[in-house]
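Asker: Each residue of the sequence shown is one higher than the one before, starting from 1 at the first, in UniProt numbering. Glycine included, every Cβ here is placed at the ideal spot set by N, Cα and C.
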Amino acid sequence: MRGGGAGRRRRRGGGDPSGRGQRGGGGRGAGGTGRRRRRGALEVPGEDGAGERFFTVGAEAVGLRLDVAVSRALGVSRAQVKKWIEAGRVTVDGRAARPAERLSGGEAIRVRPPAPRPARPRPNALSLRIVYEDAVLAVVDKPPGMSVHPSPGHDDDTLVNALLYHLKALSGIGGELRPGIVHRLDKDTSGLLVVAKTDRAHLALAAQLQARTMKRTYTAVVCGVPAEEVGLIDLPIGRHPVDRKRMAVVPNGRPARTRYRVVRRFRRHSIVEASLETGRTHQIRVHFAAIGHPLVGDPVYGRCRFGAMSRQALHATRLGFRHPETGAWLEFTSPLPPDLTALIDALSKNEA
1 MRGGGAGRRR RRGGGDPSGR GQRGGGGRGA GGTGRRRRRG ALEVPGEDGA
51 GERFFTVGAE AVGLRLDVAV SRALGVSRAQ VKKWIEAGRV TVDGRAARPA
101 ERLSGGEAIR VRPPAPRPAR PRPNALSLRI VYEDAVLAVV DKPPGMSVHP
151 SPGHDDDTLV NALLYHLKAL SGIGGELRPG IVHRLDKDTS GLLVVAKTDR
201 AHLALAAQLQ ARTMKRTYTA VVCGVPAEEV GLIDLPIGRH PVDRKRMAVV
251 PNGRPARTRY RVVRRFRRHS IVEASLETGR THQIRVHFAA IGHPLVGDPV
301 YGRCRFGAMS RQALHATRLG FRHPETGAWL EFTSPLPPDL TALIDALSKN
351 EA
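1. Mind checking which residues open and close the beta strand (DSSP E) that includes Ser270?
2. For Leu232, count the other beta carbons within 10 Å of its own beta carbon; 16 or more makes it buried, fewer makes it exposed. Which is it?
3. Should Ser171 and His202 be called a contact, given that it needs their Cβ atoms to be closer than 8 angstroms?
4. Rounded to whole angstroms, how far is the Cβ of Asp53 from the Cβ of Leu74, which I believe are closer than 8 angstroms?
5. Cα separation between residue 358 and Leu192?
6. Given Gln80, which residues of its chain have a CB within under 6 angstroms of its CB, disregarding the five upstream and five downstream residues?
7. Assign Pro118 to buried or exposed, taking buried as 16 or more other Cβ atoms, counted over all protein chains shown, within 10 Å of its Cβ.
8. If we ignore side chains and look at the alpha-carbon of each, how far apart do Pro294 and Ala274 end up?
9. Tell me whether the region 85-102 and the region 119-127 touch, counting them as touching only if at least three CB pairs, one residue from each stretch, are closer than 8 angstroms.
10. Quick one: what does DSSP say Lys142 is sitting in, helix, strand or coil?
11. Rounded to whole angstroms, how far is the Cβ of Val263 from the Cβ of Leu343, which I believe are closer than 8 angstroms?
12. Would Ser127 be called buried (16 or more neighbouring beta carbons within 10 Å of its own) or exposed?
13. What residue range does the alpha helix (DSSP H) around His287 cover?
14. Going by CA-CA distance only, name the one from Val230, Gln210 and Ala162 that's closest to Ser147.
15. Given a cut-off of 8 angstroms on the beta-carbon distance, is the pair Arg318 and Lys215 in contact?
16. Within 10 angstroms of its Cβ, does Val182 collect 16 or more other Cβ (buried), or is it exposed?
17. Could you give the first and the last residue of the continuous beta strand (DSSP E) run that contains Ala301?
Spelled out as structure tokens, the structure:
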């Protein structure tokens with residue numbers, strides 16, 4: 001599962017002496033030896049030189065659909081996996097399979113992803129703060145208002161467009177529209193993301209997400225004051241039963257867990273630090289709305305407004321993971337953006 005390669009420290013950009021300005025960063029990567037590891041509910045012995053992946057179905061995957069299990073293991077969309085299965089690129093115990101096939105445990109799954117094609121999005125010369133970069137990955141600080149990847153009618157000015165301009169080489173596992181994208185942030189959520197430059201790095205990072213060993217911590221400003229200083233929100237999340245564009249806490253939703261700590265209390269608002277144990281769509285926003293403390297400025301899950309804050313007051317502050325080649329623990333922090341800083345300053349003056 002490991003590949004050779006080495007990163008070298010590089011500084012790009014102007015006068016930021018830390019090397020972490022609009023285009024900066026560095027680091028080193030070194031080759032390592034492969035070892036058996038778990039990706040979600042599938043045991044992954046390794047991959048061959050042609051890029052094929054081999055899985056053995058573990059107990060946690062029993063009863064899952066084939067496309068769901070492979071999607072979770074590889075960090076690839078279910079729609080993408082379904083196409084691979086229908087094209088004969090996924091086999092179960094050496095035979096052709098169906099996307100809806102239920103797993104019973106112990107099956108040997110082989111996945112043969114297609115060779116990545118050139119990404120369809122165009123490179124855009126957008127300003128992008130690169131916190132860290134080496135031969136196989138990069139950590140970037142996404143500004144608010146920037147979508148992570150293109151969508152119908154929105155082909156430019158996304159993080160992917162910026163990555164194609166600044167990094168050039170990106171993992172192809174996410175497909176043409178999501179090169180390098182291992183995990184996402186909402187358009188109006190700012191902060192740290194890790195990006196894969198190689199397929200091997202992508203797979204290893206996706207495995208950490210599935211195993212819940214990647215640490216993602218957010219700073220949010222919420223309405224009201226939570227009763228508990230430290231808490232766990234353990235509520236399942238799924239599609240809203242009426243508005244399919246929204247998420248909601250629903251009985252048959254997927255398990256979702258958010259831990260939080262109140263950092264500062266005002267009279268009618270609070271600053272909280274939230275850590276994800278799972279990564280459901282809009283998880284922090286849905287969870288805090290569900291317990292009666294929606295995020296300030298959230299246009300979808302709350303009507304809590306304060307000052308000039310025109311987006312959800314949410315920033316991905318810290319990100320930690322193991323380097324996919326060296327195994328070294330890496331941790332990064334991001335300062336609050338100006339609009340969040342201004343919001344907190346205003347609350348300090350008005351609700352001290």
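Answerer: Here's the rundown:
1. Counting along the chain, Ser270 sits inside the beta strand (DSSP E) bounded by residues His269 to Leu276.
2. Leu232 is exposed by the Cβ-count criterion.
3. Yes; because the gap between Cβ atoms is below 8 angstroms, this pair is in contact.
4. Per the sequence shown, residue 53 should be read as Arg rather than Asp. Contact between Arg53 and Leu74 is confirmed by a C-beta separation of about 7 angstroms, below the 8 angstroms threshold.
5. A question about residue 358 goes unanswered here, because the residues of the chain that appear run from 1 up to 352.
6. Taking Gln80 as the centre and dropping the five residues before and after it, the same chain places the C-beta of Gly175 closer than 6 angstroms to its C-beta, in chain order.
7. In this prediction, Pro118 has a pLDDT of 48, which is less than 50 and means its spatial position is unreliable; nothing more can be read from the coordinates.
8. One Cα belongs to Pro294, the other to Ala274, and the distance between them is close to 13 angstroms.
9. Because the criterion of three Cβ pairs below 8 angstroms is not met, the region 85-102 and the region 119-127 do not touch.
10. Lys142 falls in the strand class under three-state DSSP.
11. Taking the Cβ atoms as the reference, Val263 lies roughly 14 angstroms from Leu343, outside the contact range of under 8 angstroms.
12. Residue environment: Ser127 is assigned as exposed (fewer than 16 neighbouring CB atoms within 10 Å of its CB, all protein chains considered).
13. Its alpha helix (DSSP H) spans residues Gln283 to Ala290.
14. It is Ala162.
15. Less than 8 angstroms divides the Cβ of Arg318 from the Cβ of Lys215.
16. By the Cβ-count criterion, Val182 is buried, with 16 or more other Cβ atoms from all chains shown falling within 10 Å of its own Cβ.
17. Residue identity differs from the one stated: residue 301 is Tyr in this sequence, not Ala. Under the DSSP assignment, Tyr301 falls outside any beta strand (DSSP E); it carries neither an H nor an E label.
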